[in-house]
Amino acid sequence: MKRMVRSSIWASVVMLLLPAFVMAVGNSGSSPVKIRGIANQYKYALPKNSDFWKQMEKMYNVDYSVDWVPADMYNEKIDIILASGDLPDIMQVQSMTRPSVLKAIKAGAFKDLTDELGDFSKYPNLGKLNSMAWRYSMIDGNNYLIPRTRGNLDLAVFIRGDWLDRLGLKTPTTMEEYTNYLKLVCERDLDGNGKIDTIGMIPSMSPSEGYFSAAFGTRDPVYTKDGGLIHKYLTDNYAQYVEYLRDSFAKGLIAKEYALIKGSQQEVIFLSGQGATLVKNSWHKYRIEQELKKIDPKARVVLLPYLDGPKGFAHYYDLGYFGGMVISSKVSDEKMAAILKFFDATASVDSYNFVNFGIEGIHWTMKDGFPSLTEKGKQEVTSSFNAPFIFATQEFAKVDSPLASVSYNMNTREEMKVLYNKNSRADMFNALQSDAWLSFWSKTGDEFIAKETDAVTGKITMNQFRAYQQELLRNPEVKVSLGEFAKSYKQIYGKK
0 MKRMVRSSIW ASVVMLLLPA FVMAVGNSGS SPVKIRGIAN QYKYALPKNS
50 DFWKQMEKMY NVDYSVDWVP ADMYNEKIDI ILASGDLPDI MQVQSMTRPS
100 VLKAIKAGAF KDLTDELGDF SKYPNLGKLN SMAWRYSMID GNNYLIPRTR
150 GNLDLAVFIR GDWLDRLGLK TPTTMEEYTN YLKLVCERDL DGNGKIDTIG
200 MIPSMSPSEG YFSAAFGTRD PVYTKDGGLI HKYLTDNYAQ YVEYLRDSFA
250 KGLIAKEYAL IKGSQQEVIF LSGQGATLVK NSWHKYRIEQ ELKKIDPKAR
300 VVLLPYLDGP KGFAHYYDLG YFGGMVISSK VSDEKMAAIL KFFDATASVD
350 SYNFVNFGIE GIHWTMKDGF PSLTEKGKQE VTSSFNAPFI FATQEFAKVD
400 SPLASVSYNM NTREEMKVLY NKNSRADMFN ALQSDAWLSF WSKTGDEFIA
450 KETDAVTGKI TMNQFRAYQQ ELLRNPEVKV SLGEFAKSYK QIYGKK
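With numbering that gives the first Met the number 0, the residue at position 48 of the sequence shown is 47, and numbering never jumps.
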């Protein structure tokens, strides 16, 4: 993997150099390249008539219009657009394993960029993006996606450090120590509400599953006798993870109605002092800690990058990208090249601060080598700010908090960097391709989750859950998926 660029480089950015990148898209005297796109709106998104947008368009010589779609409706909107065939020039997609996206790619809806990108000599900044992202996002060995890359450090488990102190415990480094922490927390009234009602953990398919199940070997490929690769959900390694949850549930360490508690609710529970655990992007640590201090000034958040387990270690290691941009096959080859030039310009190291934090002096100022948001920046630079762009790979993009001090961020970096020395691996099934599995899971996924919940809560035995896994393995679509997963694994990893 290519060496990732560290944040210290961003500190040396001279924003006055940015106009040079206008030439990367088109001559400054030529008409702006008109681009129509669609992007995910998490929070407030800047309008086209904003100061930033005007400067961005002038800087890169583009006329860029974005249709903003609320995050909770985005995938459904994408499905509708793909079904209609009325595609914008570019489209932000969040997952290359989404059935509608794969179907559209195989139907020729998006440009195959493989030959145009070539050795990246025409698009050097795109060539410097996290190389694993280009590999993981391939479909049948070809590149259709311009990945929105980042480093591999991301999610971690948050627990209450002040509660560890009160319990006389050291920071857990194993699943056993973590479970003991949960047990002691759930036996006491550490939040001081006069009740023994603290929730230990709230497991879910995402993101908790992606962290904890790795401790039970779900990152290891499991093959059939004839060489088929089994999806992790149908392996005995995954059953052992479910068995751990079952045992924890029986001990009162898991919320009784955990299956009904969604992501945003989990954060509310943790912030209220009712929860002992929160799985979150590590950059949220500072914000979460500050929110807790409003309730309890002594509150302290401890980050758990990993926990050693019986067949591996619980952890999350990112694919190195989160979605990206696809180009409609309806645009001309000339316009496709212009769009790639635009994204190559925004992906320059020198453009990073601009497309992520806005205009220097208006949205941010440099403090101790890092961009620090102004009051205007805090209002306008939301999680939607960089959604319509491709930007240079930043190793600690999901680790550094824009709200925290340099020393705080440097400490969080050191905590997360331990994963570099742990033989950390991304979840392969976030990248492997299988049409048969996607078809099967679209019809069976909810049933599987319900069956898993029944096993965790004791409504069925573990033998019954394992028998259910074996029953699914006999499904014709699952049988086909075994070969497709094995083929995809070989394409991505270059081995069986």
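Beta carbons are placed, not taken as given, at the ideal position from N, Cα and C, and that holds for glycine. From a predicted model like this one, the values you see are computed outputs, not experimental measurements.
- Restricting attention to Asp-317, Phe-342, Gly-444, the CA atom closest to the CA of Ile-326 is found in Phe-342.
- If you draw a straight line from the Cα of Gln-432 to the Cα of Ser-438, it comes to about 12 angstroms.
- Look at the stretch 306 to 388 and you find these whole runs of beta strand (DSSP E), each 3 residues long or longer: 306 to 308, 311 to 313, 320 to 326, 363 to 366, 369 to 372.
- When beta bridges are read from the DSSP output, Pro-304 appears opposite no residue.
- Burial of Glu-379 is indicated by the presence of at least 16 other C-beta atoms within 10 angstroms of its C-beta.
- Less than 8 angstroms divides the Cβ of Phe-312 from the Cβ of Ala-214.
- DSSP places Asn-280 in the uninterrupted beta strand (DSSP E) bounded by 276 to 280.
- One thing to note: Ala-238 has its Cβ no nearer than 8 angstroms to the Cβ of Gln-469.
- DSSP lists Asp-307 as the beta-bridge partner residues of Thr-173.
- In the DSSP assignment, Ala-485 falls within the unbroken alpha helix (DSSP H) covering 475 to 492.
- In this structure, Arg-97 sits away from Ile-389, with a CB-CB distance that is not shorter than 8 angstroms.
- The DSSP-derived three-state label of Val-184 is helix.
- The continuous stretches of beta strand (DSSP E) do not include Asn-129, and DSSP gives it neither H nor E.
- Judged by DSSP secondary structure, Gln-40 falls within the beta strand (DSSP E) whose first and last residues are 32 to 40.
- Put simply, the stretch 362 to 372 does not touch the stretch 245 to 254. Fewer than three CB pairs are less than 8 angstroms apart.
- A residue is called buried when at least 16 other Cβ atoms come within 10 angstroms of its Cβ; Lys-127 meets this threshold and is buried.
- Counting C-beta pairs closer than 8 angstroms gives three or more between the stretch 188 to 204 and the stretch 268 to 286, which meets the contact rule.
- When C-alpha distances from Ser-99 are compared across Lys-110, Asn-74, Ile-89, the shortest belongs to Asn-74.
- The residue from Leu-372, Val-348, Ile-459, Ser-383 with its alpha-carbon nearest to that of Pro-123 is Val-348.
- Its chain contains Glu-176, Asn-179, Tyr-180, Leu-183 as the residues whose beta carbon lies nearer than 8 angstroms to that of Leu-168, once the 5 sequence neighbours on both sides are disregarded; these appear in chain order.
- Ser-64 sits in a strand when the DSSP states are folded into three classes.
- Contact between the stretch 79 to 96 and the stretch 28 to 41 is present, with at least three C-beta pairs closer than 8 angstroms.
- Taking the CA atoms as reference points, Pro-220 sits about 35 angstroms from Pro-387.
- The C-beta distance from Asp-153 to Tyr-305 rounds to 13 angstroms, too long to meet the 8 angstroms contact threshold.
- Rounded to whole angstroms, the separation of the alpha carbons of Ser-205 and Lys-450 is 17 angstroms.
- Under the three-pair Cβ rule at 8 angstroms, the stretch 406 to 419 does not count as touching the stretch 136 to 144.
- With respect to Gly-160, Val-301 sits close: the two C-beta atoms are nearer than 8 angstroms.
- The residue from Tyr-135, Ala-344, Glu-242, Met-409 with its alpha-carbon nearest to that of Gly-493 is Tyr-135.
- Within the same chain, Ile-326, Ser-328, Met-335 come within 6 angstroms of Lys-110 by CB-CB distance, once the 5 residues on both sides are set aside.
- In this model, Lys-442 and Ala-430 are separated by some 20 angstroms (Cα to Cα).
- Spanning the alpha carbons of Asn-280 and Val-398 requires a straight line of approximately 7 angstroms.
- Assigned with DSSP and collapsed to three states, Phe-157 falls in strand.
- Taken in chain order, the complete alpha helix (DSSP H) segments of 4 or more residues contained in the stretch 220 to 267 are 235 to 249.
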